[in-house]
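Enquirer: Here the protein sequences line up with chains Y and H, keeping their order.
With this note's numbering as the guide, the letters of the first sequence map in order to residues 1 to 354.
With this note's numbering as the guide, the letters of the second sequence map in order to residues 1001 to 1263.
Ideal placement from N, C-alpha and C gives every residue a C-beta, glycine not left out.
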Amino acid sequence: MAEPFLSIQHVRKSFGANTVVQDFSLDVEPGEFVSFLGPSGCGKTTVLRMVAGFEEPSAGKIVVGGKDITRLKPNQRNVGMVFQAYALFPNLTVAQNIAFGLKVAGMSKQDTDRRVAEMLEMIKLPQMADRYPYQLSGGQQQRIALARAIAPKPKLLLLDEPLSALDAKVRVSLREEIRSIQKKLGITTIFVTHDQEEALSISDRIAVMYGGKAEQVGTPFEIYNRPATKFVANFVGTLNVLEGKVTDAATGKVQVNAQEVSLKGKLNGSKSGDTLSLALRPEAISLARQPGHDTSLSGEIAEVHFLGSVIRVRVGIGDNTVSLDTFNNSTTPPPVVGDKADISFSSGDMLVLH
Amino acid sequence: MKSGKFWAWVTFVLGAAYFFIPLIATLEFSMRMKRGEYSFEAYRVVLGDARFQESFTFSVVAAIFTIILGVLLVVPTAYWIRLRLPQLRPVVEFVTLLPLVIPAIVIVFGYIRMYGSNSPLPFLASGFGTNALLVIGYATLALPYMYRAVDTGLRTIDVRTLTEAAQILGAGWTTIIGRVILPNVLIAVLSGAFLTFAIVIGEFTVASLLNRPAFGPYLQNMGANRAYEPAALAIIAFAITWGCMSLIQVLSRFAPKSASRPN
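Right, here's the structure in full:
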């Protein structure tokens, strides 16, 4: 395995008695795009700010390119950062904003002008050089902020919820642009977000954070399909959680509302009589039996929401409610509330949450 | 609704009359130096008086130094309070308000006792030291205005994020304050500077008790001994103050606009 480019080692951060980050470790490969995903207050921004140098870790160290940067000031780290609030300098034009870091680094005027033009081309805003930040839309401002961060050729790019202040359409187009620029430049990037769709769509790996710790680090596929903890399963994507009781631990038999489900090889450590939380993604469930689905449960239609191309159905199975989506078909009327219904799924798609 | 508008106009006219009638009366009186005709004779006499030119120049120079001292003292303080010590803000606000509560005469007597020729810091032992003390005293008197102007300016920008954005781009503190913070609060600083200028030009107590040849004591001296010239001087002083206020208004049009706009 190659030497990690960024290594965050057992980092902890406390503000007085309040510990915000507890023993956080992560290795990031050169050129990798890693997202910190988690709810507000989970410590993701604090870790990012420690990498940037705005917060000093209470314990642990941060190594970039083999050099310990834990105690270095932010202006000595050669790190680029894009902020949620854009943070463009209001008194400077777009070109002057992009040139700021280059001037501070002592680059000649000729080289600075060339690099600024290059950056404006990269973000497809070459005609905006003489505008002031207040004359730009939010999306344009954030593109300029990205160009400003990348212009001095930093070793590492930090993105602190850069899309949160933008509207949905701009958010999607800009996140694709960020990813394509990052791939083109091959710059190692940390992206902080609370939006799971954003994280899943553009990351090489995701660190899902909760309570100051990384609950799980993995590829988007792993995080979504094989969540390691109950929190990850609940936080990433929509999840149906069913309460079940182990009836025969040896053969993997679990009862859900007096109906039997077989979970072979998934009941590690459980014994007969234990209560378990079982999880199913909505897309793994069908209304009625489907080929390849080896398990079914009977229930009653509790809610039906017509959403156009999709019909969202909630089926009550005893005390449990299962949510699933079916495609709209103009020849088949939607299910009716109160009707009896069977749902089916593959037992392999069922997750046991610990 | 109509009645409301009528009373609003009545209030406005009364207020304007209260403000303008004494001013018009002073102006009218200042132009009656020559018997039987209106003239600017009083203004010619005043502006041609060597003592007017000396005292006015002295006060302008004192005002410039006061502004420089005020900016050097207030901008970094207000910036640091906003950035790192927001919990100290009420304390600093209280301290900066003290010159409005404590009369200038108390401050100047304190100075005379503290910095007399026999004290460890004998500011009053030399003309230069006394001038320096005068500037310090003026900076104290202007503190409530300068601090509030700068603090209001800082409130319009995201000090912390702009500082961090500059830091991560490699900037040190001097670059951050000089190229990021100060240009964005320049109009606020200029407002504070013009208010300081207006205060210094008309200040009497400190200059008089420190025995400095400033414009304030000159105004008082003229007022005690002449008839028409003090009225002309009052109008001139008023014009200077208004000029300063107008400049604040003009310059505020050039303020950098905030970039923090939702998409």
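#1: Output the distance between the C-alpha atoms of H/A1142 and Y/F33, rounded to the nearest integer angstrom.
#2: Would you list, in sequence order, the uninterrupted beta strand (DSSP E) runs of no fewer than 3 residues that lie entirely inside the stretch 1033 to 1110 of chain H?
#3: Can you check which of these residues, H/F1215, H/I1235 and H/A1227, is closest to H/E1054 by C-alpha distance?
#4: Where DSSP assigns a beta bridge to Y/N320, which residues make up the other side?
#5: With a 10 Å radius around its C-beta and 16 neighbouring C-beta atoms as the bar for buried, classify Y/V313 as buried or exposed.
#6: When you compare the CB of Y/V104 with every CB in chain H, is at least one pair closer than 9 Å?
#7: Are any of the Cβ atoms in chain B nearer than 9 Å to that of H/A1171?
#8: Does H/D1158 come within less than 9 Å of chain Y when only Cβ atoms are used?
#9: Quick check: the stretch 1156 to 1170 of chain H against the stretch 1210 to 1226 of chain H, are at least 3 beta-carbon pairs closer than 8 Å?
#10: Check Y/Q259 in the structure and name its three-state DSSP category.
#11: If you follow the beta strand (DSSP E) that Y/T188 is part of, which residue opens it and which one closes it?
#12: Figure out for me which residue from Y/M50, Y/S277 and Y/T295 has the closest Cα to the Cα of Y/I285.
#13: I believe Y/G252 touches Y/L242 by the beta-carbon criterion, under 8 Å. Please report the beta-carbon distance rounded to the nearest angstrom.
#14: Have a look at Y/R148 and H/T1175 and give me their C-alpha separation to the nearest angstrom.
#15: Taking 9 Å as the threshold (beta carbon to beta carbon), is Y/N18 in contact with chain H?
#16: When you compare the CB positions of Y/L156 and Y/N78, do they come within less than 9 Å of one another, or not?
#17: Going by C-alpha to C-alpha distance, which of Y/A59, Y/E283 and Y/L307 sits closest to Y/S346?
#18: Just the chain Y side, please: which residues come within less than 8 Å of H/E1164 by C-beta, in chain order?
#19: Determine, for Y/G101, whether the minimum Cβ-Cβ distance to residues of chain H falls below 9 Å.
#20: Only counting runs of 3 or more residues, tell me where the beta strand (DSSP E) segments fall wholly within the stretch 264 to 344 of chain Y, in order along the chain.
#21: Assuming Y/C42 and Y/Y224 make a contact with CB atoms under 8 Å, what is their CB distance in whole Å?
#22: Is H/Q1087 close to chain Y, meaning its C-beta is less than 9 Å from at least one C-beta of that chain?
#23: Relative to the alpha-carbon of H/G1110, which residue among H/A1231, H/L1210, H/N1225 and H/W1009 has its alpha-carbon at the smallest distance?
#24: Counting C-beta neighbours from all protein chains within 10 Å, is the total for Y/E215 16 or more, i.e. buried, or is it exposed?
#25: What is the rounded straight-line gap between the Cα of H/E1203 and the Cα of H/G1004?
#26: Per DSSP, which one or two residues make a beta bridge with Y/G80?
#27: Assign H/A1259 to one of two classes, buried (16 or more other C-beta atoms within 10 Å of its C-beta) or exposed (fewer than that).
#28: Quick check on H/V1018: buried or exposed, where buried means 16 or more other Cβ atoms within 10 Å of its Cβ?
#29: Who are the neighbours of Y/P162 on chain H, taking C-beta pairs under 8 Å?
#30: Tell me whether H/E1164 is buried or exposed, calling it buried when 16 or more other Cβ atoms sit within 10 Å of its Cβ.
#31: Taking 8 Å as the line, does the beta carbon of Y/E177 fall inside it for any heavy atom of the ligand HEM?
#32: Check the C-beta distance from H/M941 over to H/L1233 and give it rounded, since I have them as a contact under 8 Å.
#33: For H/I1187, which option in H/L1251, H/I1112 and H/I1024 has the closest C-alpha, if you only look at C-alpha atoms?
#34: In terms of alpha-carbon separation, which member of Y/L353, Y/D27, Y/N18 and Y/G31 lies closest to Y/K183?
#35: May I ask you to report which of helix, strand or coil DSSP gives Y/F5?
#36: Flag this pair as touching only if the stretch 299 to 312 of chain Y and the stretch 334 to 348 of chain Y have three or more C-beta atom pairs under 8 Å; answer yes or no.
Expert: Inspection of the coordinates gives the following:
#1: 54 Å
#2: none
#3: H/F1215
#4: Y/I317
#5: buried
#6: yes
#7: Here the protein chains are Y and H, and chain B is not one of them.
#8: yes
#9: no
#10: strand
#11: T188 to T193
#12: Y/T295
#13: Actually they do not touch by this definition, with Cβ atoms about 15 Å apart.
#14: 17 Å
#15: no
#16: yes
#17: Y/E283
#18: A52, F54, P74, M81, F83 and A87
#19: yes
#20: 275 to 280, 295 to 306, 310 to 317 and 320 to 327
#21: Not a contact, Cβ separation roughly 18 Å.
#22: no
#23: H/L1210
#24: buried
#25: 41 Å
#26: Y/L157
#27: Unreliable placement is indicated for H/A1259, whose pLDDT of 40 sits below 50; no coordinate value is reported for it.
#28: Contrary to the premise, residue 1018 of chain H reads as Tyr rather than Val in this sequence. Label assigned to H/Y1018: exposed.
#29: Per Cβ cutoff of 8 Å: no residues; Y/P162 is ~12 Å from chain H at best.
#30: buried
#31: Absence of the ligand HEM from the depicted structure is noted, as is the absence of any ligand whatsoever, leaving it without description.
#32: The question about residue 941 of chain H has no answer, for chain H in this structure spans 1001 to 1263.
#33: H/L1251
#34: Y/G31
#35: coil
#36: yes
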